[in-house]
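Here the structure comes first, spelled out in structure tokens, and everything after it is commentary.
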Amino acid sequence: MRLATFILDNIEPILKQWEDFARSLQPGRLMTVAALRDDAEEMLRFIAADIETVQSQAQQEQKSVGRGPQLADGDDSAAHDHGKARAVDHFTFSEMVSEYRALRAAVTHMWLDSAGVDSESVNQLVRFNEAVDQVLAESVVRFAATLENESDLFTASIGHDLRNPLNSIVSSSEMLAQSSLLPDAERAAAKRIASSALRMAGMLAELQDFSRSRLGGLLHLSLEHVSVAQICRDVIAEIAAMHLPCTLRFAESGDTGAVVDRKRIGQLISNLVGNAVQHGSPFGVISVSVQGDKEHVRVEVHNEGPKIDRARLEDIFEPLHRAASEPPRASGSLGLGLYIVRRVTVAHGGTVSVTSTEADGTTFVVVIPRTPKK
Numbered sequence: 129m130r131l132a133t134f135i136l137d138n139i140e141p142i143l144k145q146w147e148d149f150a151r152s153l154q155p156g157r158l159m160t161v162a163a164l165r166d167d168a169e170e171m172l173r174f175i176a177a178d179i180e181t182v183q184s185q186a187q188q189e190q191k192s193v194g195r196g197p198q199l200a201d202g203d204d205s206a207a208h209d210h211g212k213a214r215a216v217d218h219f220t221f222s223e224m225v226s227e228y229r230a231l232r233a234a235v236t237h238m239w240l241d242s243a244g245v246d247s248e249s250v251n252q253l254v255r256f257n258e259a260v261d262q263v264l265a266e267s268v269v270r271f272a273a274t275l276e277n278e279s280d281l282f283t284a285s286i287g288h289d290l291r292n293p294l295n296s297i298v299s300s301s302e303m304l305a306q307s308s309l310l311p312d313a314e315r316a317a318a319k320r321i322a323s324s325a326l327r328m329a330g331m332l333a334e335l336q337d338f339s340r341s342r343l344g345g346l347l348h349l350s351l352e353h354v355s356v357a358q359i360c361r362d363v364i365a366e367i368a369a370m371h372l373p374c375t376l377r378f379a380e381s382g383d384t385g386a387v388v389d390r391k392r393i394g395q396l397i398s399n400l401v402g403n404a405v406q407h408g409s410p411f412g413v414i415s416v417s418v419q420g421d422k423e424h425v426r427v428e429v430h431n432e433g434p435k436i437d438r439a440r441l442e443d444i445f446e447p448l449h450r451a452a453s454e455p456p457r458a459s460g461s462l463g464l465g466l467y468i469v470r471r472v473t474v475a476h477g478g479t480v481s482v483t484s485t486e487a488d489g490t491t492f493v494v495v496i497p498r499t500p501k502k
């Protein structure tokens, strides 16, 4: 009997073994039969059909590494659904993978006990293992994606819940810092509390933007016609008030009016200047320039200092990436600033790029349309 036929003829006892093994795992002890079997029957029918499907050598090699054909139109396979369900039901990664190991062993032993072993039997067994590897790979992908999604939801929720108590700390400490009833030392301490809380609020804002983007959400934009040059001046004034040892310079040319989100563009510029302060030469010059033409507004932020390695440039806008030689951040940043710069730029239909050399320093260039693209 061919293996595919054997699987279909014995699908119930195979499913029973699948169910028994799943129930032996900690999360499965209180689950129903339907939940334990989940999408197993559909996967077995897929495996049986796949064994009998003619395939080329190239297709065989692709399947052996979990890159078999996918469903049309991006539909989820039974294996995708199974991986997601097991993550939701709190199976561990190893427990989910062990189900496939048990399935492979059960079908192999049952079939070899019922049929003589010859070269054709071995070939069919190879095809069976390839098909199992394919559904396993699909389940692993969806299992991991589900866990990441749940983690991002938790992070976003925590960030949201912390905003109100943090705002209370800021407002209360600022009130104490302005009180004439307190000695100078206590007012200075209150100012430090307010400053630290504001840095924490900035980190929470970064974290929420990051979580929102990971969850597939778009940045919400409140568009209005504003002067990008004025936004730059406001940001530079705020940073200059910190009395940093570096020198800040600003230049503008042309009409820099654009229909943008004032707050987001301010965040973008603040992140770029903050990055220059953090990574540029401590006593160097940071130059911010804005140029407007008929269709676009161009913002450049340049800093002196060591060049950024080519390998680092390739992922500089990715979240949480940092060169191995880079010291731990001490400026209240989570390493999401440049990632958010790219997100804000893309949300406005623009582009962002960076160049860095030993001779010329580092320059970030953001180009955004003056009016939103239709």
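Under the numbering used here, the first residue of the sequence shown carries the number 129, and numbering increases by one thereafter.
Just so it is clear, CB atoms sit at the ideal spot from N, CA and C, and this is done for glycine as well.
Kindly identify the DSSP beta-bridge partner or partners of residue i.
i           : result
residue 484 : 490
residue 353 : 387
residue 380 : 418
residue 495 : 426 and 479
residue 413 : 375
Short check: CB of residue i to CB of residue j, under 8 Å?
i           : j           : result
residue 175 : residue 263 : yes
residue 401 : residue 414 : yes
residue 395 : residue 472 : yes
residue 179 : residue 259 : yes
residue 494 : residue 480 : yes
residue 301 : residue 321 : yes
residue 151 : residue 157 : yes
residue 378 : residue 361 : yes
residue 160 : residue 215 : no
residue 272 : residue 145 : no
residue 257 : residue 232 : yes
residue 497 : residue 423 : yes
residue 223 : residue 153 : yes
residue 408 : residue 382 : no
residue 332 : residue 290 : yes
residue 155 : residue 219 : yes
Below 7 Å CB to CB, which residues in the same chain sit around residue i once its five sequence neighbours on both sides are set aside?
i           : result
residue 499 : 387
residue 470 : 445 and 480
residue 372 : 405
residue 130 : 252
residue 451 : With a pLDDT of 44 at residue 451, under the threshold of 50, the modelled position of this residue cannot be trusted; read the value that follows with caution. Same-chain partners within the cutoff: 437 and 440.
residue 172 : 135, 139 and 142
residue 351 : 387, 388, 389 and 500
residue 359 : 390, 393, 394 and 397
Near residue i, which residues of its chain fall below 6 Å by C-beta distance, leaving aside the five closest residues on each side in sequence?
i           : result
residue 136 : 176
residue 376 : 364, 368 and 414
residue 417 : 379 and 428
residue 149 : 230
residue 319 : 305
residue 134 : 239
So, for residue i: in the same chain, excluding its five sequence neighbours on each side, which residues have a beta-carbon less than 8 Å away from its beta-carbon?
i           : result
residue 242 : 129 and 134
residue 315 : 304, 305, 306 and 307
residue 167 : 206, 207, 209, 210 and 213
Touching by the beta-carbon criterion (3+ pairs, under 8 Å), the region 381 to 388 and the region 345 to 365
Cβ pair count under 8 Å is three or more, so yes.
Please give me, in chain order, every unbroken run of the beta strand (DSSP E) with length at least 3 that falls completely inside the region 416 to 444.
424 to 431
Using 8 Å as the cut-off, can you tell me whether the region 257 to 276 makes contact with the region 207 to 222, which would need three or more C-beta pairs spanning the two stretches below that distance?
yes
Just checking, does the region 480 to 497 make contact with the region 422 to 434 on the three C-beta pairs under 8 Å criterion?
Because the criterion of three Cβ pairs below 8 Å is met, the region 480 to 497 and the region 422 to 434 touch.
Taking only runs of the alpha helix (DSSP H) that begin and end inside the region 204 to 253, which ones reach a length of at least 4 residues, in chain order?
206 to 216 and 221 to 242
Using 8 Å as the cut-off, can you tell me whether the region 324 to 331 makes contact with the region 294 to 302, which would need three or more C-beta pairs spanning the two stretches below that distance?
Flag = yes, the region 324 to 331 and the region 294 to 302 touch.
Sequence ranges, alpha helix (DSSP H) only - wholly within the region 144 to 185, length at least 4
161 to 165 and 168 to 179
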